[in-house]
Each structure stands twice: as C-alpha cells, then as structure tokens.
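Each remark here refers to the structure printed beneath this line.
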Amino acid sequence: MYRRATFTLRSRLRHIHTSSTLRQQRASRAIIASSVFISGALIWCSNKEIIHNDSEWPGPSQTSSKVTRDSDVKDSKALQSLVWGSNKSKTLLLGKEDPDSIRTPAIAEWLEDVALRDLVLHKDHAACVDARGDVYQWGAGYFGSAKHDSPALTLQKKNIVQLQLTESKLYALSASGKIYAMEASASRQSLSPGSPTSASSYPWWSMGWLWGEEEVVDFVEIKPQQQLKRCESFVSMSAGNDHLLALTNMERAFAHPVNSNANVYGQLGFRRIQVPDLSHPFGHSVLPVQLVPRSLSDVRSGKDQEAWKDNDTIRFSPTIYEIPSLRDVSVSQVAAGGRNSFIRTTTGKVLGWGANEYGQIGLGGSIIVPMITVPTEVIPWQISHRTQMEYPEEGKVDIYMVRRCGRGILEICLNVDSDATQNMVPIVPRSASVSQTGHVLLTLDTSDGGRAGCDLLAWGKNQDYELGNGKKSSVPVPTTINMGDERTILRKRKEAKVMDLQGRLWRGKVEVEQTAVAGYSNSVVYWKIRKL
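In full-length UniProt numbering, the protein residues as written are 1 to 532.
Listed below in structure tokens is the structure:
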C-alpha cells in the first residue's frame, strides 16, 4: 500500500522539476518540501484501499451515547421512566431507537410525564394501566412480530388497578373488585360486530351498539362459583404459569385455573372445576371435570392430561373458586409461584402447596415429596425470641425479609443514622421484585423511611444486562445500580403533573413514586400512582 502511494506521488510531482537556476531551487526548497509532504499525505489517503482481512468497524452504538445519570431524572421537571436489559421481544420501548439490548438505564421517551397504576412484563409481551384505568398491551408476543409498535389500547372504561400476565392471558382487576381476562395476543382479541361479547362469565349477545358502547376487544369476567358476601370484592391477585390466586377484602383466598395444566402439581388446592359445555347451542351449560395432579414420573415422561377444545382460551373456565381448606383461615396476602402457591395469614403464618421436587415449598429436609396438594405451614427456620420474620405492609414482596436473626449481625450491618430520632435505625426493605429468569431488584428505605429516596439494589443473573451495569457477568451479592457516576435513587413526588397514554392531562397534583419491576431478563423503573 505504501509503495503504491509512493509511485503515484512521484508521477504526479514530476512537473515540479524545471530548468530553473540552482539559486531559485535552493530558495524554494522549503516550499517544495512542504508541498511534497502535504500532497503525499492527501494522495495516500485518497488511494487508500480497505483490507478486508481487517476487523470491520462496528459503527455507532444502537443506543444513545449520552449516559443517563440519576441527577438527570431528579432535576427533570417531567416524570421520566427508565428501562434496561433484553429488548428482543420489544417489551422495552425507548422511543425513536429500538435496540435488542439496553446495557445501562435509559429514559423511555413514550413514558414522559406518564404515571401508571400498574406495569407488568412477561417473556414476549407486556401490559400497563394508565392513570385513567385503561389497559395497554405491546411486545412481539402481542403483535405477532418483533416489529416496533407503540402500545395498543385494549381494555378501557373498566377502572383497572392491577394486572397479571401469563403466557397466553392477561388478568385485570378493577377498582370495584371485578376480575377480567383477555387474550395476550392481538390476533385472538378481535371481536367482530354482532359476535358474542364477554362482559360476563358466559357468552351473551352484546347490546352495546344501541348505546354506542360496542366492545371491540374480546374479554370475559371471571366470576366466583358462589356469590360473594355482601360488600365483599377482590382486592389483589397473583398469577403463576397456569393458575391465578386472588384475595378478597374479607380475607378469603380464591384460585382460578388458567388452563388444563393449572393443577398438575396440586397448586390449585382443589380438583373439581367447571368448564363450558361446547355442545350447548348458547354455551350456558357447564360440565364438571377434575384436574388431577400428576406424579413426578408422569411429568418427566411428558404424559399429557386430558385436553379440552378451548383449553387455552379465556373461556376455558371463566370461574374462580374459594380454596376449600382455607375457608376458616383469615388470609392477608396471596403469592403465586410458577408452579406453586403461598398465602400469609393474618397471624403471620405462611402456608404453601404445589411443586416441591426441589424443596421449594420450604418444609424442611425431612419432607421429601415432589408435590404438596394441600396448604401446609412453611417453617423456614426455628422461631425463637432472637429471630423475627417481618413482611412490609405496603407493596408486594416475593421473598422473606428478616430484621433480627442470630446474634444481631444482620441488623448491625444494616443500620443508618436517623435525623428524625437522632439514633441508629435498621434499614428496612421497602419492596422486592423477583424475575423468573433469575435476577432481583430490591428497594431499601435507606434515607430515613424513604423521605429523601430509596436505594435500588440488584443481584443475580446478568447475561442480558438486566442488572444495568453494562456488563454480562452475574452478581452474587446485592449491588447498587449506578447511572453514570451516580447511584440510582428511587424518589417520590407529591404534586406531579400526570398525563395518560393518549397525551391528555389526567390531574395536575398527583402523589407518585418510582417503582422497580424485574422482567424477563430486563428491568424497568416507572412512576406509579400512590393514591387514586
């Protein structure tokens, strides 16, 4: 390459040599030397060829080169939400850019000045509830492709407050205590004019067109098998892979089968359910069936249970049932694992049932059975006056939290100076979000009860940048999430201007707080409405 450039340089500089006198040549020697150097450099650059054996320049990064810092979010007058991790299924939406991976926390432009009632992430699809209580869905699993699409408005005018997702369904809880089920795929949500609507548990012919309220998205209401007591309604729910748990304001626990695999490991807590009789012309008749738990050998061999035609649709069993063994138990919290179930009683006891081949129910090493079919008390350690297990009253917590254990070593390591009491006080976990793919986001009340903000810690699997540190190495201990050279602090605002997802102002002075959600190999921090 250098020889080629030198040869060209000589051929183009031959006109410089003339019949001038020696004195003139000496006088212009400096000028000629400078011209030769500059011309040679320009010619070499213009004739430079790419050697294809060299590694190709990767080009600009898919994401913005600007590093988002915690102060950017803190000092911004607008509400700004953060996303990072895997975006292969387009469950994280940045705005104009849409990379497959987001290495560090980045601002999601579509959530500018938006506070949500709830946000949930699944493997291939996601959903949220905006300030008005309307449901939006998006992701490759919802739209049917990885093409970038903005969230689609699906369920509206139901005043939704909470969402839960499974692989094929979305469950929505309204402020009035009703539970609705929808398909997780847009192609299965379509409802042609005049077709049966699903405002109730059993299909009926819609008359909404008379009042201009015809539904365009198919859904069903999940109703209890027996009518609830007067003034009783559902207040929370939690979904596993194939089943759903729900709690009423009268401390009763219910379970719902998402599909025919809902009780493979005994996670429902009962066997008998009802499914619609498809042979009936109007679908008002039901058939009693049993979902019998399978043995572990049957599960491993891949033996299928009896299947129904509508096994995986929202009309498979639009009914929710009270758990028989818990009818005389006052329940304060329900939590569904992928293949098991847990409840916490008002007295602080924890009961679990379902898959237990790895001891995940927590019954101790002396109980070795692949599944537990009835709620059984969980005793994670021997309770003594030196050990205390506590559950925070606000927020959903999927892990046990201990304030004092052993000789108090844990408490000593997690103390902070309180300006209010002028004493050392223990740092209390505020909330935890546990991903099914293996990472945890933990929010700590490190600033005197969270008045000045809460630290966000993360640990676990990190193969898709879900911990937000720009690396792919997993982290075995809780570590702060940094944004640039600043650690991430989750804050509250008492007088925030909140927009809905249609770009309309909802309210001008709303109390909101930043909330962390651990998704499938990704993470989100969004502004959540504290009080409606």
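Glycine included, each C-beta is placed from N, C-alpha and C at the ideal position.
Neighbourhood of arginine 339 by C-beta, 7 Å cutoff - its chain only, sequence neighbours within 5 removed: If we look at arginine 339 and ignore the five residues flanking it on each side, its Cβ neighbours are Gly240, Asn241, Tyr265, Gln267, Gly354, Ala355.
Stretch pair the segment 78 to 88 + the segment 457 to 469: three plus CB contacts closer than 8 Å: Because the criterion of three Cβ pairs below 8 Å is met, the segment 78 to 88 and the segment 457 to 469 touch.
Length of the line joining the Cα atoms of leucine 291 and serine 474: In a straight line, the C-alpha of leucine 291 is about 39 Å away from that of serine 474.
Contact check, methionine 250 vs glutamate 221, beta carbons under 8 Å: Against a cut-off of 8 Å, the Cβ pair of glutamate 221 and methionine 250 comes out as no contact.
Same chain only: Cβ atoms within 6 Å of lysine 494, ignoring 5 sequence neighbours per side: Apart from the 5 residues on each side of it in sequence, lysine 494 sits with its Cβ closer than 6 Å to the Cβ of Glu511 in its chain, given in chain order.
Nearest neighbour of methionine 182, chosen from Ser190, Ser433, Val289 [CA to CA]: When each option's Cα is compared against that of methionine 182, the closest is Ser190.
Chain-order list of residues whose beta-carbon lies under 7 Å from that of arginine 530 (same chain, five-residue window excluded): Same-chain partners within the cutoff: Glu511, Val512, Glu513.
Same chain, Cβ closer than 6 Å to valine 524, five either side skipped, listed in chain order: Hits under 6 Å: Val83, Val517.
Reference threonine 154, options Ser185, Ser176, Ser168, closest by Cα: Of the listed residues, the one whose Cα sits closest to threonine 154 is Ser185.
CA-to-CA distance, proline 370 to alanine 131, given in whole angstroms: Cα to Cα, alanine 131 sits roughly 44 Å from proline 370.
Buried or exposed by the 16-neighbour rule on C-beta atoms within 10 Å, applied to asparagine 261: Looking at its Cβ environment, which holds 16 or more other Cβ atoms inside 10 Å, asparagine 261 is buried.
Test item: CB-CB of glutamate 455 and threonine 479 under 8 Å: Position check: residue 455 holds aspartate in this sequence, whereas glutamate was assumed. For aspartate 455 and threonine 479, no; Cβs fall outside 8 Å.
Host beta strand (DSSP E) of glycine 95 (start-end): It is not in any beta strand (DSSP E) - glycine 95 carries neither H nor E in the DSSP assignment.
Cβ-Cβ distance between threonine 373 and glycine 352 below 8 Å: Not in contact: threonine 373 and glycine 352 (Cβ atoms no closer than 8 Å).
Minimum C-alpha distance to alanine 115 - residue among Ser521, Asn522, Gly503, Gly519: Of all alpha-carbon atoms in Ser521, Asn522, Gly503, Gly519, the one lying nearest the alpha-carbon of alanine 115 is that of Gly503.
DSSP beta-bridge partners of proline 276: As a beta-bridge residue in DSSP terms, proline 276 pairs with Val286.
Run of the beta strand (DSSP E) containing alanine 518, from where it starts to where it stops: In the DSSP annotation of this structure, the continuous segment of the beta strand (DSSP E) that includes alanine 518 starts and ends at 505 to 518.
Tyrosine 180 and lysine 158 closer than 8 Å at C-beta: Yes.
Neighbourhood of histidine 148 by C-beta distance below 8 Å, restricted to the same chain and skipping five residues each side: Listed in chain order, the non-local C-beta contacts of histidine 148 below 8 Å within the same chain comprise Lys90, Leu93, Asp98, local neighbours out to five positions each way being set aside.
Secondary structure of leucine 501, DSSP reduced to three states: The DSSP-derived three-state label of leucine 501 is coil.
Spatial neighbours of serine 236 in its chain, beta-carbon cut-off 6 Å, leaving aside the 5 residues before and after: Within the same chain, serine 236 has close Cβ partners Leu247.
Of the residues Ile489, Gln436, Lys471, Gly438, the one placed nearest leucine 457, counting alpha carbons only: It is Ile489 whose Cα lies nearest to the Cα of leucine 457.
7 Å CB neighbourhood of leucine 228 in its chain, flanking five on each side removed: Counting only Cβ-Cβ distances below 7 Å, and skipping sequence neighbours, we find Thr248.
Own chain residues within Cβ distance below 6 Å of aspartate 100, not counting five before or after: Result list for aspartate 100: Asn87, Lys88, in chain order.
Nearest-angstrom Cα separation, counted from glycine 365 out to residue 535: Since the first and last residues shown for the chain are 1 and 532, residue 535 lies out of range.
Beta-carbon proximity list for threonine 437, same chain, < 7 Å, skipping 5 on both sides: Contacts found: Lys461, Tyr520, Ser521.
Per-residue DSSP class, three states only, for serine 521: Coil at serine 521, not helix or strand.
N-terminal and C-terminal residue of the alpha helix (DSSP H) that tyrosine 142 is part of: First-last of the alpha helix (DSSP H) with tyrosine 142: 140 to 143.
Distance cut-off 7 Å: asparagine 482 Cβ against heavy atoms of the ligand MN: This structure lacks the ligand MN; in fact it carries no ligand of any kind.
Test item: CB-CB of isoleucine 160 and serine 174 under 8 Å: A contact, by the Cβ cut-off of 8 Å.
For proline 318 and asparagine 259, the rounded distance between their alpha carbons: Distance between the alpha carbons of asparagine 259 and proline 318: 10 Å.
Residues of its chain near serine 330, where Cβ-Cβ distance is below 7 Å and the 5 sequence neighbours each way are ignored: Around serine 330: Glu251, Thr345, Thr346.
Inter-residue Cα distance where the pair is valine 120 and glycine 453: In this structure, the straight-line span from the alpha carbon of valine 120 to that of glycine 453 is close to 23 Å.
Length of the line joining the Cα atoms of proline 476 and histidine 439: Going by the C-alpha atoms only, they are around 10 Å apart.
Bridge partners - aspartate 118, DSSP secondary structure assignment: In DSSP, aspartate 118 forms a bridge with Val129.
Euclidean distance between Cα positions of glycine 129 and glutamine 162: Residue identity differs from the one stated: residue 129 is valine in this sequence, not glycine. Looking at the two C-alpha atoms, the distance is approximately 7 Å.
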